[in-house]
Amino acid sequence: MTPLLSLIVFSLMSSPQEALPTGIVAHWALDEGSGERTQDIVSGTEGRLRGAKWTPCGKGYALKFGTEDSGLDCGTVPAVDLTGPLTVEAWVYPERVPSSETGIAGKSFESYALTAYGDGRFYWYVGSGGNKCSAAIPVRKWTHLAGLFDGTSLK
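So the numbering used here is basically just the index in the sequence shown, starting at one, shifted up by 4.
1. When the Cα of Val-101 is compared with those of Val-81, Phe-69, Leu-86, Val-143, which residue comes out closest?
2. So for Pro-1, helix, strand or coil by DSSP?
3. To which residues of the same chain is Cys-137 closer than 6 Å at the C-beta, ignoring the five residues directly before and after it?
4. Three or more beta-carbon pairs under 8 Å between the region 58 to 69 and the region 110 to 130, yes or no?
5. Taking Ala-139 as the reference, which of Gly-155, Asp-154, Val-130, Tyr-121 has the closest Cα?
6. Does the beta-carbon of Lys-145 have 16 or more other beta-carbons within 10 angstroms, so that it is buried, or is it exposed?
7. Going by Cα to Cα distance, which pick from Gly-88, Gly-75, Lys-111, Pro-89 is closest to Gly-55?
8. Mark Gly-151 as exposed unless 16 or more other C-beta atoms lie within 10 angstroms of its C-beta, in which case mark it buried.
9. Can you list, in chain order, the residues of its chain with a C-beta nearer than 8 Å to that of Asp-44? Leave out the 5 residues immediately preceding and following it.
10. Beta-carbon separation of Phe-126 and Ile-141 under 8 Å?
11. Report yes if the CB atom of Gly-70 is closer than 8 Å to the CB atom of Lys-57, and no otherwise.
12. Looking at the structure shown, is Pro-82 part of a helix, part of a strand, or coil, going by DSSP?
13. Quick check: what's the CA-CA separation for Arg-41 versus Leu-86?
14. With 16 as the cutoff for other CB atoms within 10 Å, does Leu-149 come out buried or exposed?
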């Protein structure tokens, strides 16, 4: 089976207007390169790999998710319980369009998330998809995804 996607960096900011050093509430750099865990460099929270594999990428590493069930479980991080303005970012390399909705980064499908969908589009949504925007999935190309929510609308 062709792997679904590779993820290189996941970062979460509490407001798009804040400077990086003070605005980032969680950041998984994914630079460990081996093992079953990765660490948030802001809070120290460990994320556990579920079916994901480390792969060399440039001067560092990325995670390759081989199936739609693989992932990175970052547990409960109180800092990501955001209800106001926020930004979620990830670098992804989709090797194919998924057959169903697949989470990329975010808190949960019911809260806020970046996803890839079987219709060939990435989605960024807040609140179970009622407030969403989308963009085409470029297959076999590194893409920087950034979902911004200013408290009212999405970009």
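Each residue gets a CB set at the ideal place from its N, CA and C atoms; glycine is no exception.
Once the coordinates are examined:
1. Val-143
2. Limits of the chain in this structure are 5 at one end and 159 at the other, which puts residue 1 out of reach.
3. Trp-128, Leu-158
4. no
5. Tyr-121
6. With fewer than 16 Cβ atoms within 10 Å of its Cβ, Lys-145 is classed as exposed.
7. Gly-75
8. buried
9. Ala-30, His-31, Trp-32, Glu-50, Gly-51, Cys-78, Val-81
10. Yes, the Cβ-Cβ distance between Phe-126 and Ile-141 is below 8 Å.
11. yes
12. Correct three-state label for Pro-82: helix.
13. 24 Å
14. buried
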